[in-house]
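Input: a single structure, listed below in structure tokens.
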Amino acid sequence: MLIRNGTLVTAGGMIRADLRVEGERIAAIGDLLPYPGEPVVDAGGCMVLPGLVDPHVHIALDTGIYHTDDDWFIGTQAAAFGGVTTVVDFATQFRGQTFEEALASRLEEAGGKAVVDYALHMMVTDLPPGKEGELGKLVAQGAAGIKLYTTYRPNYYADDATLLRLMRTAGAMGLITLVHCENDAIVTEATERLKVEGQTSLREHGRSRPPIAEIEAVHRVLFLAAEARAPVYIVHCSTARAVDLVHEAAQRGQLAFAETCPQYLLLDETAYGGPHPEWYILQPPLRPAAERAGLWERLHRGWIATIGTDHCDYALRQKTATGSFLTTPGGLPGLETMLPLLHTFGILEGRMGWPDLVRLCATNPAKLFGLYPRKGTLQPGSDADLVLYDPEPEEILTASRLHYVAGYTPYEGWRVRGRVRMVMVRGQIVVEDGVFRGTPGWGRFVPAEAFSPQMARSVWV
Numbered sequence: 001m002l003i004r005n006g007t008l009v010t011a012g013g014m015i016r017a018d019l020r021v022e023g024e025r026i027a028a029i030g031d032l033l034p035y036p037g038e039p040v041v042d043a044g045g046c047m048v049l050p051g052l053v054d055p056h057v058h059i060a061l062d063t064g065i066y067h068t069d070d071d072w073f074i075g076t077q078a079a080a081f082g083g084v085t086t087v088v089d090f091a092t093q094f095r096g097q098t099f100e101e102a103l104a105s106r107l108e109e110a111g112g113k114a115v116v117d118y119a120l121h122m123m124v125t126d127l128p129p130g131k132e133g134e135l136g137k138l139v140a141q142g143a144a145g146i147k148l149y150t151t152y153r154p155n156y157y158a159d160d161a162t163l164l165r166l167m168r169t170a171g172a173m174g175l176i177t178l179v180h181c182e183n184d185a186i187v188t189e190a191t192e193r194l195k196v197e198g199q200t201s202l203r204e205h206g207r208s209r210p211p212i213a214e215i216e217a218v219h220r221v222l223f224l225a226a227e228a229r230a231p232v233y234i235v236h237c238s239t240a241r242a243v244d245l246v247h248e249a250a251q252r253g254q255l256a257f258a259e260t261c262p263q264y265l266l267l268d269e270t271a272y273g274g275p276h277p278e279w280y281i282l283q284p285p286l287r288p289a290a291e292r293a294g295l296w297e298r299l300h301r302g303w304i305a306t307i308g309t310d311h312c313d314y315a316l317r318q319k320t321a322t323g324s325f326l327t328t329p330g331g332l333p334g335l336e337t338m339l340p341l342l343h344t345f346g347i348l349e350g351r352m353g354w355p356d357l358v359r360l361c362a363t364n365p366a367k368l369f370g371l372y373p374r375k376g377t378l379q380p381g382s383d384a385d386l387v388l389y390d391p392e393p394e395e396i397l398t399a400s401r402l403h404y405v406a407g408y409t410p411y412e413g414w415r416v417r418g419r420v421r422m423v424m425v426r427g428q429i430v431v432e433d434g435v436f437r438g439t440p441g442w443g444r445f446v447p448a449e450a451f452s453p454q455m456a457r458s459v460w461v
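The opening position of the sequence shown corresponds to residue 1 in the UniProt record's numbering, with each subsequent residue numbered one higher.
Rendered as structure tokens:
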């Protein structure tokens, strides 16, 4: 297949060129002529992007307390409509479970259902002292990284000694550690105070997890990572100071990387005073508008390495069941809306360019998590994961037109510019002109390569 007349976008720039797909790979880029009988796609007026790589996704999430209503077909179909051709999700090692069991269970869930490709991080919850060598099996099994939490006691919480021990071993074995950073003691104290005051409605959610909880935990985790000489990736940064701390660590020579999410760039705490506070229950919570502005500024400076959605597709009935932030599952659906939102409120408002979007949402995630250059770029030999994006149409985001089970979108009624015209995953068209053409099971597990410090350093601009 020959894709002609489009503007090809990579992290390095934009060019007018043709692109040939042969089988599952990109075969050539340049001024190309069609072979006799070769299918030709006219991409005139479109940006031709590498398929986005979302580094932080929770499809069919089971926390042990809550379970999202989606499955791997629903979640990856939404990804496809949003131009995301690779999702990096999580296998959770529940207590008493081996890594092999956790990974096999997750792969069984996805197999036969996924329509885009996927990689997996491992949430580590049960690895006692003396068993650290088990982490080496994750490298062999193609895990993209391990994830630890400084909160969510007792199920996920890792104390400082555990953080240090596991980061040190993971780094030595070729794994990057992702950390959810909120100070558990600060969150617990704030939450208990609100309970005593009888202030546990959804509108009070932000007060239960103040900015200092994130900032302190980021500072501490970076210090421990430096001591461990381990690469570290701070997920879903919601405050400017958190990003500053990561940048300062990187300036000192640490392999430290900051991720943020569309919700922290586009939404703020005033949403909790609106008619649907349940839509915005997530951890960390939405912050003051000044934090949103600060994140955009740091993104513009190149201090943020990636943008991920932290997609969680809880149904509206789950979000409205109790009216209390204490018992409402946290997370927002976002896979399908990231691309048009970043185009509209990032590129069109001068906060970023097309190469920046590709760098943050495709190339850098692929580099950090062992998927590059198979994923995240347009070059001969890479997988033919392509998005043709028409930047001109205007649309209004509404839940009824999205492919979630949630029954809502936090961006209901937002006017956006641009539309995904075509999406290919390894050479197969999965979305075309708003119609799903994919096949359940076409999406494959992509084993990650071991973490590469040299590759990781190339994400910084």
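From the three backbone atoms N, C-alpha and C, an ideal C-beta is built for every residue, glycine too. Bear in mind the structure is a predicted one, so any value in this text is a computation, not a measurement.
Where does residue i land, buried or exposed, given buried means 16+ other C-beta within 10 angstroms?
{"i": "residue 516", "result": "There is no way to answer for residue 516, as the model of the chain reaches only from 1 to 461."}
{"i": "Gln-93", "result": "buried"}
{"i": "Pro-154", "result": "exposed"}
{"i": "Tyr-252", "result": "The question names Tyr, yet the displayed sequence has Arg at residue 252. Under this definition Arg-252 is an exposed residue."}
{"i": "Trp-354", "result": "buried"}
{"i": "Lys-319", "result": "buried"}
{"i": "His-67", "result": "exposed"}
Considering just the uninterrupted stretch of the alpha helix (DSSP H) at residue i, what are its terminal residues?
{"i": "Pro-55", "result": "It is not in any alpha helix (DSSP H) - Pro-55 carries neither H nor E in the DSSP assignment."}
{"i": "Ala-456", "result": "453-457"}
{"i": "Pro-365", "result": "364-368"}
{"i": "Thr-177", "result": "Thr-177 -> not in any alpha helix (DSSP H); beta strand (DSSP E) instead, spanning 177-180."}
{"i": "Glu-204", "result": "First-last for Glu-204: undefined, no H or E at that position."}
{"i": "Gly-294", "result": "289-301"}
{"i": "Thr-377", "result": "No alpha helix (DSSP H) contains Thr-377, which DSSP labels as neither H nor E."}
{"i": "Val-243", "result": "240-251"}
{"i": "Pro-355", "result": "354-358"}
{"i": "Ala-185", "result": "184-197"}
Please determine, among the options, the residue with the shortest C-alpha to C-alpha distance to residue i.
{"i": "Met-122", "options": "Gln-77, His-403, His-56", "result": "His-56"}
{"i": "Val-48", "options": "Phe-73, Trp-72, Leu-8, Leu-19", "result": "Leu-8"}
{"i": "Val-435", "options": "His-300, His-403, Pro-365", "result": "His-403"}
{"i": "Ile-15", "options": "Val-21, Asp-310, Glu-22, Cys-46", "result": "Cys-46"}
{"i": "Pro-373", "options": "Pro-288, Val-446, Ala-170", "result": "Val-446"}
{"i": "Glu-22", "options": "Trp-460, Gly-441, Gln-428, Pro-440", "result": "Gln-428"}
{"i": "Ala-185", "options": "Arg-209, Leu-265, Asp-71, Val-196", "result": "Arg-209"}
{"i": "Leu-335", "options": "Met-455, Ile-74, Arg-20, Thr-63", "result": "Ile-74"}
At what residues does the beta strand (DSSP E) containing residue i begin and finish?
{"i": "Gln-428", "result": "428-432"}
{"i": "Asp-18", "result": "13-22"}
{"i": "Leu-148", "result": "146-149"}
{"i": "Gln-77", "result": "Taken as a continuous stretch (DSSP letters only), Gln-77 belongs to no beta strand (DSSP E), being part of the alpha helix (DSSP H) at 72-81."}
{"i": "Pro-391", "result": "386-396"}
{"i": "Ile-3", "result": "2-10"}
Hey, would you say residue i sits closer than 7 Å to residue j, going by beta carbons?
{"i": "Lys-137", "j": "Phe-99", "result": "yes"}
{"i": "Leu-202", "j": "Glu-278", "result": "yes"}
{"i": "Ala-43", "j": "Leu-388", "result": "yes"}
{"i": "Ile-396", "j": "Arg-421", "result": "no"}
{"i": "Gly-346", "j": "Glu-449", "result": "no"}
{"i": "Glu-291", "j": "Ala-240", "result": "yes"}
{"i": "Pro-380", "j": "Ile-146", "result": "no"}
{"i": "Thr-125", "j": "Tyr-156", "result": "yes"}
{"i": "Ala-362", "j": "Val-84", "result": "no"}
{"i": "Met-424", "j": "Leu-386", "result": "yes"}
{"i": "His-311", "j": "Pro-329", "result": "no"}
Which class does residue i belong to by DSSP, given the choice of helix, strand or coil?
{"i": "Ser-105", "result": "helix"}
{"i": "Tyr-156", "result": "coil"}
{"i": "His-121", "result": "strand"}
{"i": "Cys-312", "result": "strand"}
{"i": "Glu-216", "result": "helix"}
{"i": "Thr-85", "result": "strand"}
{"i": "Arg-25", "result": "strand"}
{"i": "Glu-412", "result": "coil"}
{"i": "Arg-165", "result": "helix"}
{"i": "Gly-346", "result": "helix"}
{"i": "Tyr-66", "result": "coil"}
{"i": "Val-48", "result": "strand"}
{"i": "Phe-94", "result": "coil"}
{"i": "Val-425", "result": "strand"}
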